[in-house]
Amino acid sequence: TQVGVLYGPAFSLVYAFCGIFMGRMADRLSRKYIILSGLLIWSMMTFASGFANSFAFLVSARFAIGVSQSALSPSVYSLLADYFKPKHRARVFSVYASGIFIGVGLSFLIGGSIAENYDWRIALKSVGLPGVGLAVLGYFLLKEPSREKSENAQVPDQSFFEVLSFILKKPTVRYHLMGFSLLALSGYSILAFIGTILTDVFESSNLISSYGWFMFATGVSVNLSGLMADKLALKFGEEKRFISGILAALGGLPFYYFGLFAETALMGLILIGIANVISSSYNGVAAALIQDFVGSKMRGVAGSVYLFVVSIVGFGIGPPVTGWLMDNIFTGSKGPSQAMFSVFLVCGILATACFLKAMRSYKVDRV
Numbered sequence: 474t475q476v477g478v479l480y481g482p483a484f485s486l487v488y489a490f491c492g493i494f495m496g497r498m499a500d501r502l503s504r505k506y507i508i509l510s511g512l513l514i515w516s517m518m519t520f521a522s523g524f525a526n527s528f529a530f531l532v533s534a535r536f537a538i539g540v541s542q543s544a545l546s547p548s549v550y551s552l553l554a555d556y557f558k559p560k561h562r563a564r565v566f567s568v569y570a571s572g573i574f575i576g577v578g579l580s581f582l583i584g585g586s587i588a589e590n591y592d593w594r595i596a597l598k599s600v601g602l603p604g605v606g607l608a609v610l611g612y613f614l615l616k617e618p619s620r621e622k623s624e625n626a627q628v629p630d631q632s633f634f635e636v637l638s639f640i641l642k643k644p645t646v647r648y649h650l651m652g653f654s655l656l657a658l659s660g661y662s663i664l665a666f667i668g669t670i671l672t673d674v675f676e677s678s679n680l681i682s683s684y685g686w687f688m689f690a691t692g693v694s695v696n697l698s699g700l701m702a703d704k705l706a707l708k709f710g711e712e713k714r715f716i717s718g719i720l721a722a723l724g725g726l727p728f729y730y731f732g733l734f735a736e737t738a739l740m741g742l743i744l745i746g747i748a749n750v751i752s753s754s755y756n757g758v759a760a761a762l763i764q765d766f767v768g769s770k771m772r773g774v775a776g777s778v779y780l781f782v783v784s785i786v787g788f789g790i791g792p793p794v795t796g797w798l799m800d801n802i803f804t805g806s807k808g809p810s811q812a813m814f815s816v817f818l819v820c821g822i823l824a825t826a827c828f829l830k831a832m833r834s835y836k837v838d839r840v
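Counting in my numbering, the sequence shown runs from 474 upward without gaps.
Structure (structure tokens):
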């Protein structure tokens with residue numbers, strides 16, 4: 474329960490809600506200093522967590538980390554969209570998104586090794602301290618691009634709700650948010666229950682840590698997806714970047730099916746891992762696409778809205794619904810696998826329908 478609190482309300486919900494505020498700040502203040510301030514604070518709070526002597530201390534630190542980390546992506550999205558022209562955005566955003574998966578993979582290997590051989594407090598101190606140095610380095614290296622010189626800059630005198638209304642009234646944006654949040658729902662669900670599947674279905678809990686290796690491969694697939702999306706846009710039209718979402722929605726389904734119902738645990742792990750590499754490849758493209766529908770001075774809010782919807786639907790709905798299916802609908806020995814594949818199948822089909830709709834309305838809503 475305590476671990477659930479640390480990952481749930483203490484971080485994810487705080488991260489999602491504060492991200493909206495941080496997105497608004499990114500449209501009005503220096504994105505460079507928002508990013509560096511967030512990096513400095515969450516690094517210091519991660520380091521401070523290594524001195525925790527109570528659960529209340531850890532929750533407070535985790536809360537502060539959630540607030541400060543919510544400053545990062547909206548400002549980064551806005552910066553990257555102003556740095557690079559639309560024809561390059563998918564691959565650039567994918568490079569950024571791939572860092573998340575590489576970081577998760579490293580946490581399995583380095584953080585887990587430190588915690589196993591020393592202490593979890595040492596692990597937190599070890600991963601927190603380098604961020605302080607990066608914040609100092611970023612002060613000298615990170616440059617703030619001019620919003621006025623970026624394409625389609627908007628006048629910054631609109632209220633937050635006017636900006637929000639401008640973004641959400643576009644059908645393509647709504648299809649985008651629905652489609653990619655469905656992919657996030659299934660993605661968060663497999664992360665939440667891969668341990669349950671390996672333990673209860675395959676009786677091989679010793680393989681759980683090996684799942685981290687597939688996070689590295691996902692970092693590669695995210696980059697390839699971004700490159701492919703930009704190539705498709707250049708050759709067939711910008712709206713064709715949504716094809717990356719369709720491939721993520723449907724491409725992993727055969728691997729999930731044969732992996733979830735595999736005869737051996739190792740084969741199940743490998744096939745599920747491959748499926749996750751495919752189905753998570755959309756992350757960079759999704760973040761880049763949302764920027765096509767707003768001008769420079771709305772980019773932060775647009776990015777934060779995307780993160781909010783994906784976080785709430787993915788983390789807030791995915792694991793609870795999947796868990797309910799396991800407890801109440803699919804209760805046999807293969808129940809976890811049946812529930813998980815049902816989620817993937819439904820989300821994949823619905824997401825594909827959303828992306829097809831988005832491609833039809835893209836040119837009308839494009840800024």
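Yeah, the Cβ is synthetic: ideal placement off N, Cα and C, and Gly gets one too.
Residue i burial status per 10 Å Cβ neighbour count (16 or more: buried)
i: Val609; result: exposed
i: Gly601; result: buried
i: Tyr755; result: buried
i: Glu712; result: buried
i: Gln652; result: Note that residue 652 is Gly in the sequence shown, not Gln. Under this definition Gly652 is a buried residue.
i: Ile745; result: buried
i: Phe781; result: buried
i: Leu671; result: buried
i: Ile802; result: exposed
i: Met813; result: buried
i: Val628; result: At Val628, the pLDDT of 48 sits below 50, so the modelled position is not reliable and the matter cannot be decided from this model.
i: Gly699; result: buried
i: Phe788; result: buried
i: Ala529; result: exposed
i: Ser516; result: buried
i: Ile667; result: buried
i: Phe613; result: exposed
i: Gly757; result: buried
Residue i in three-state terms, based on DSSP
i: Asp500; result: coil
i: Thr672; result: helix
i: Gly796; result: helix
i: Ser694; result: helix
i: Ser623; result: Residue placement at Ser623 cannot be trusted, given a pLDDT of 49 that sits under 50; the coordinates are not used to answer.
i: Thr737; result: coil
i: Ser815; result: helix
i: Leu615; result: coil
i: Gln542; result: helix
i: Lys642; result: coil
i: Val758; result: helix
i: Gln764; result: helix
i: Gly477; result: In this prediction, Gly477 scores a pLDDT of 47, lower than 50, which makes its location untrustworthy; the coordinate-derived value is nonetheless stated afterwards. The answer is helix: DSSP assigns Gly477 an H, G or I state.
i: Gly725; result: coil
i: Thr519; result: helix
i: Val565; result: helix
i: Asn526; result: coil
i: Ile751; result: helix
i: Val807; result: Correcting the residue identity first, residue 807 is Lys in this sequence and not Val. Residue state, collapsed to three classes: coil.
i: Val840; result: coil
Beta-carbon proximity check, residue i vs residue j, cutoff 8 Å
i: Asp673; j: Pro809; result: yes
i: Gly660; j: Leu512; result: no
i: Leu723; j: Gly821; result: yes
i: Leu798; j: Ser784; result: no
i: Thr645; j: Phe766; result: yes
i: Tyr779; j: Ala759; result: yes
i: Val577; j: Gly539; result: no
i: Gly732; j: Ala748; result: yes
i: Ile681; j: Thr825; result: no
i: Ser777; j: Asp555; result: no
i: Ser522; j: Leu615; result: no
i: Ser546; j: Asn696; result: no
i: Met701; j: Ser717; result: yes
i: Cys491; j: Ser571; result: no
i: Gly611; j: Leu509; result: yes
i: Ala831; j: Tyr648; result: yes
i: Lys807; j: Phe734; result: yes
i: Ser541; j: Ile514; result: yes
Assumed close pair residue i, residue j - CB separation to whole angstroms, cut-off 8 Å
i: Ile507; j: Met495; result: 7 Å
i: Val786; j: Ser678; result: Going by Cβ atoms, the distance from Val786 to Ser678 rounds to 29 Å, so no, they are not a contact pair.
i: Ile751; j: Ser694; result: 7 Å
i: Lys643; j: Asp838; result: 4 Å
i: Arg504; j: Ser548; result: 4 Å
i: Ala534; j: Ala525; result: 7 Å
i: Ala706; j: Pro792; result: The pair is not a contact, with the Cβ atoms about 34 Å apart (cut-off 8 Å).
i: Ser551; j: Arg772; result: 4 Å
i: Phe817; j: Ala738; result: Actually they are not in contact, since the Cβ atoms of Phe817 and Ala738 sit about 19 Å apart, beyond 8 Å.
i: Gly692; j: Ile575; result: 4 Å
i: Ser662; j: Thr795; result: 4 Å
Near the ligand PLP: residue i beta-carbon under 7 Å from a heavy atom
i: Ala563; result: Although the ligand PLP was asked about, the structure shown includes no ligands whatsoever.
*asked:* Check whether the region 563–572 and the region 635–644 are in contact - that is, three or more C-beta pairs closer than 8 Å.
replied: In the pairwise beta carbon analysis, the region 563–572 is classified as not touching the region 635–644: fewer than three pairs are separated by under 8 Å.
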